[in-house]
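A.B. asks: Chains as they are written, first to last, in this note's numbering: chain B, 1 to 305; chain P, 1001 to 1305.
1. Give every residue of the same chain whose Cβ lies closer than 7 Å to the Cβ of residue 77 of chain B, excluding the five residues on either side of it in the sequence, and list them in chain order.
2. List the residues of chain B that residue 1045 of chain P touches, going by C-beta distances under 9 Å, in chain order.
3. Is residue 1156 of chain P helix, strand or coil when you go by DSSP?
4. My output table needs one value for residue 1250 of chain P: the three-state DSSP class, helix, strand or coil.
5. Which complete beta strand (DSSP E) runs does the region 1026-1066 of chain P hold, if anything under 3 residues is left out?
6. Which same chain residues end up closer than 7 Å to residue 1305 of chain P when comparing Cβ atoms and leaving out the 5 residues on each side of it in sequence?
7. For residue 263 of chain B, write down the residues that DSSP places opposite it in a beta bridge.
8. Run the CB neighbour count on residue 186 of chain B, radius 10 Å, all protein chains shown included, and call it buried at 16 or more, exposed below.
9. Could you tell me which of P:1248, P:1256 and P:1061 sits nearest to residue 1289 of chain P, measuring between CA atoms?
10. With 8 Å as the limit, tell me which residues of the region 1063-1075 of chain P have their beta carbon closer than that to any beta carbon of chain B; keep them in chain order.
11. If we ignore side chains and look at the alpha-carbon of each, how far apart do residue 31 of chain B and residue 56 of chain B end up?
12. Would you say residue 105 of chain B faces chain P, with C-beta separation under 8 Å as the test?
13. Nearest CA to the CA of residue 357 of chain B: which residue from B:40, B:176 and B:46?
14. Please confirm if residue 1305 of chain P has its CB atom under 8 Å from at least one CB of chain B.
15. For the beta strand (DSSP E) that residue 182 of chain B lies in, which residues bound it at each end?
16. Would residue 34 of chain B and residue 150 of chain B be called neighbours here (beta carbons separated by less than 8 Å)?
17. In the DSSP assignment, the beta strand (DSSP E) including residue 8 of chain B goes from what residue to what residue?
18. Relative to the C-alpha of residue 1129 of chain P, which residue among P:1123, P:1092, P:1141 and P:1029 is closest?
19. DSSP three-state call for residue 1082 of chain P: helix, strand or coil?
20. Is the region 197-215 of chain B touching the region 57-66 of chain B, taking contact as three or more C-beta pairs under 8 Å?
21. My output table needs one value for residue 1305 of chain P: the three-state DSSP class, helix, strand or coil.
22. Could you tell me the distance, in whole angstroms, from the CA atom of residue 1084 of chain P to the CA atom of residue 1111 of chain P?
23. Any idea if residue 1180 of chain P is buried or exposed, counting beta-carbon neighbours within 10 angstroms, 16 or more meaning buried?
24. Could you list which residues in chain B have their beta carbon closer than 9 Å to that of residue 1241 of chain P, in chain order?
25. Measuring only the C-alpha atoms, how far is residue 1182 of chain P from residue 1196 of chain P?
26. Are the CB atoms of residue 124 of chain B and residue 222 of chain B within a distance shorter than 8 Å?
27. Does DSSP put residue 149 of chain B in a helix, in a strand, or in coil?
28. Is residue 1363 of chain P close to chain B, meaning its C-beta is less than 8 Å from at least one C-beta of that chain?
29. May I ask you to list the residues that DSSP assigns as paired with residue 1141 of chain P?
30. Run through chain B and tell me which residues come within less than 9 Å of residue 1096 of chain P, C-beta to C-beta.
31. From residue 1273 of chain P to residue 1004 of chain P, what distance separates their C-alpha atoms?
32. By a C-beta neighbour count over all protein chains shown, 10 Å radius and 16 as the cutoff for buried, is residue 1270 of chain P buried or exposed?
33. In whole angstroms, give me the CA-to-CA distance for residue 1140 of chain P and residue 1061 of chain P.
34. Check the Cβ of residue 1194 of chain P against every Cβ in chain B and list those closer than 7 Å, keeping chain order.
35. Taking the DSSP output, what are the residues bridged to residue 112 of chain B?
36. For residue 1184 of chain P, decide whether its Cβ has a neighbour in chain B, counting only Cβ atoms nearer than 8 Å.
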């Protein structure tokens, strides 16, 4: 199971009643945060999932509305008593930007690890139980889309286990992923598990034009979270100029990706009321929903639905 | 007249319903902001006094809760269309800290002027129609108290004006402070004004132990805004350790200063409800009031009361 929450859904500036776009993922009690604009710590306090268990913060890019809340967030995590390392991920410039911001958050009781993602998106990372990959997208500054995979191991296969000649007392250890050595022989979990079962995939992208690679990157996502900066199709010239997406463009990406569902976020401050434009997106991709601050859901593994 | 508003009244971290301590002063439509923690731009939006007319931002010190909102504030001011220079004031380290934070707010349509206040507090500055002086106080890092004077010129003196032999048509120009040259002779406003009248004094200090100099610095303030980090006198050891003030200590400073009124602000996150401790302060200084987010008042010149 994967819990997902939108801490904020605004673009450009925090508004009374609408914080800046940020997404929080939770797997087995560990947290991963995507973007951290001014006020994100307040939204997280409202949600109540805790600060100490944040294992990683990922940045799509370094416009202030996506990272200005970082110093306060680091101090809140410190204040919650974290001592384990915290991983930061982001495009080129991560260290330069974060070291600048940390001039007001210098002393932390945990290590900060920097993962500057500039190798084109071929590599995989792990944090908070999730497999992370990224795709450079098309904004006015270097910007990344992120894909998160929660993998699910195969079922325990008693037939296979019995054939191993390993006492039952070791079976649950093996199933949990521990390595077992018995009579000098090494046993691995794959030896007692069936084929890997379908997991969950979530893709997140704000601050980009639709790109040719994006639907492929988001292929078959269980949930796709995309920006809907402007509701009206008439704003396309503005969307092109400022490198953002319309509701209809986000819906087309979701359709092309074969995603199961689409959540819209990152609304322009001028888009006070997004609801009237939802039908524009739903006409293209019916499973579109409007994001809002505090929108939260638990995604279940496919076969358990 | 001097408008004063508390944008936030919290210390350490922004809370749902209580933003970080920040004070806004308004004189003739121009604004001066003291401290700018995470979320200050949201409070200012709620207040509605505008962003473009902020002429100066002063920092007491560089703990994150007093400056983390600066990048977003600079961008909000830019977005409001300001092109006039913006003055930043603060203790030693101003340029280093702000240049770090500005890595996410690099391109601004206005000049940023840095006034690093490290000459012991003898000099005077001007911004937004106010005369500014400062006093180093006692916190865990360099920290300043600020005093603001709104001076009030003397009344127009028709007797003096008539004796000058200057045609009446020039009188109002002179009174407004313009220099008038008539028949080769230079006339200044002092020539038609009576003695300077009493103006208004406001002193602001958070994040400090009470110091020997503070009451003298705040002498006869019309309004004194001081931190009340802890309500209970039993927290004195903690106040000493963390270099903060108790309600009762703030009240004693106000009494010794001969201030007219005291507002308390900068409450500890643990002090969810400050009201029960107000009597502790009022027993020492009866004119104590509790600050709260959005507390606002117009201070009138003494004789107009």
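For each residue, glycine too, the CB sits at the ideal point set by N, CA and C.
C.D. replies: According to the structure data:
1. 51, 52, 54 and 86
2. 13, 14, 15 and 16
3. strand
4. helix
5. 1030-1034 and 1054-1058
6. Confidence is the limiting factor: at residue 1305 of chain P the pLDDT is only 46, short of 50, which leaves the residue's position unreliable, though a coordinate-based value still follows. So no residue of the chain qualifies.
7. B:225 and B:289
8. exposed
9. P:1248
10. 1063, 1064, 1065, 1067, 1068, 1069, 1071, 1072 and 1075
11. For residue 31 of chain B and residue 56 of chain B, the distance between alpha carbons rounds to 7 Å.
12. Taking Cβ atoms only, chain P reaches closer than 8 Å to residue 105 of chain B, which makes this a yes.
13. Any question about residue 357 of chain B goes unanswered here, given that chain B covers just 1 to 305.
14. For residue 1305 of chain P, the predicted model reports a pLDDT of 46, less than 50, meaning its position is unreliable and no value from the coordinates is stated.
15. 180-182
16. no
17. Segment 2-8, the beta strand (DSSP E) holding residue 8 of chain B.
18. P:1029
19. coil
20. Between the region 197-215 of chain B and the region 57-66 of chain B there are three or more inter-stretch CB-CB distances shorter than 8 Å, so the stretches are counted as touching.
21. With a pLDDT of 46 at residue 1305 of chain P, under the threshold of 50, the modelled position of that residue is not reliable, and no figure is offered here.
22. Answer to the nearest angstrom: the Cα atoms are 7 Å apart.
23. With 16 or more Cβ atoms within 10 Å of its Cβ, residue 1180 of chain P is classed as buried.
24. Chain B residues near residue 1241 of chain P: none, gap ~16 Å exceeds 9 Å.
25. 25 Å
26. no
27. strand
28. Because chain P is modelled from 1001 through 1305, residue 1363 of chain P falls outside the range shown and cannot be assessed.
29. Paired residues: none, contrary to the question.
30. In chain order: 103.
31. 23 Å
32. exposed
33. 10 Å
34. The premise fails here: residue 1194 of chain P is roughly 47 Å from chain B at the closest Cβ pair, so nothing lies under 7 Å.
35. B:86
36. No, because no Cβ of chain B sits closer than 8 Å to the Cβ of residue 1184 of chain P.
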